[in-house]
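Here is the structure we will look at, set down as structure tokens.
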Amino acid sequence: MTNDQRRTIMSEVSISRKKGMEREGQIHSTAILKTFIKEMTLLPKSIILDLGCICDSNIELFTHLGCKVFVKDLLNANARTWADSGGMGEISVDEVQIDFEYPENLFDGILLWDIFDHFDFEDARLLINNAWRILKEKGWALALFRPANPTPFNTITRYRIISLGEIRYETLPLIIQRNKIYYNRDVADLFSDFSSYTSYILKNRWREVIARK
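First residue of the sequence shown? That's 1 in the working numbering, and the numbers climb one at a time after it.
Here's what the structure looks like:
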């Protein structure tokens, strides 16, 4: 697939997602998604790992762009949402398996979303070390960090890509503990083993990070 074909498909999928979506959640701008997608489409067959809640349209988007997508719902939120339908469920991070059963240097890109917020720094460091291990050299990682007082505070969020510049934050009926607020120094420490990283504070006060191994 040529770059022109990828750009055409990306535009078509983005538009169809935006017009056809009527789900709860707020749409926010994103500063780094465009870079992540651009880097993935520059490769002939990118392999991506999504560590967030399962989102069918995100998988469809990356598949249309010629990527192979692996999904690991780290917090098991998708299954719990169905099990607890009709009320609020609760997830304990003590039940989460931090080790990833993937070989080294497998993925070109990893979507970490906001998983770090639910762990203390020591466990978050284990997560990022595992992500670094399974990323290829010059691979990319995308992450989100919640502000000090997000609304809602302690629920699970699913991130649905609307376009290159917009993501819908969809709140799921699941409660999970919030273990740590990550500030500049914490983020710098987390990504210290990467060759580079860039951090942005968005208008909704969330922090986006894109890092390269």
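Glycine is no exception: its CB is placed at the ideal position from the N, C-alpha and C atoms.
Proximal residues to residue i (C-beta, below 6 Å), its chain only, five neighbours per side dropped
{"i": "Q26", "result": "Y169"}
{"i": "S196", "result": "R212"}
{"i": "F62", "result": "I48 and V69"}
Which residues DSSP lists as bridging residue i, in chain order
{"i": "K203", "result": "BP columns for K203 are empty, so no partner."}
{"i": "G52", "result": "DSSP output for G52 lists no bridge partner at all."}
{"i": "F235", "result": "No answer is possible for residue 235: the residues shown for the chain start at 1 and end at 213."}
{"i": "T30", "result": "Per DSSP, none; premise fails for T30."}
{"i": "S196", "result": "R212"}
Extent of the continuous beta strand (DSSP E) run through residue i
{"i": "K214", "result": "Residue 214 falls outside the range modelled here, since the chain spans only 1 to 213, and no answer is possible."}
{"i": "F70", "result": "K68 to V71"}
{"i": "I162", "result": "T155 to S163"}
Assumed close pair residue i, residue j - CB separation to whole angstroms, cut-off 8 Å
{"i": "I162", "j": "C53", "result": "Between C53 and I162 the Cβ distance is about 16 Å, and since that is not below 8 Å, they are no contact."}
{"i": "F116", "j": "L127", "result": "7 Å"}
{"i": "W140", "j": "G165", "result": "No, W140 and G165 are not in contact; Cβ-Cβ is about 18 Å, not under 8 Å."}
{"i": "R146", "j": "W206", "result": "6 Å"}
Counted within 10 angstroms of its Cβ, other Cβ atoms place residue i as buried (16 or more) or exposed
{"i": "E137", "result": "exposed"}
{"i": "A188", "result": "exposed"}
{"i": "D50", "result": "buried"}
{"i": "A148", "result": "exposed"}
Residue span of the alpha helix (DSSP H) that contains residue i, given as start and end
{"i": "F107", "result": "Per DSSP, F107 belongs to no alpha helix (DSSP H); it is in the beta strand (DSSP E), F107 to W113."}
{"i": "I134", "result": "F121 to I134"}
Cβ neighbours of residue i in the same chain (closer than 7 Å, five flanking residues each side left out)
{"i": "F36", "result": "G109, W140, L142 and I210"}
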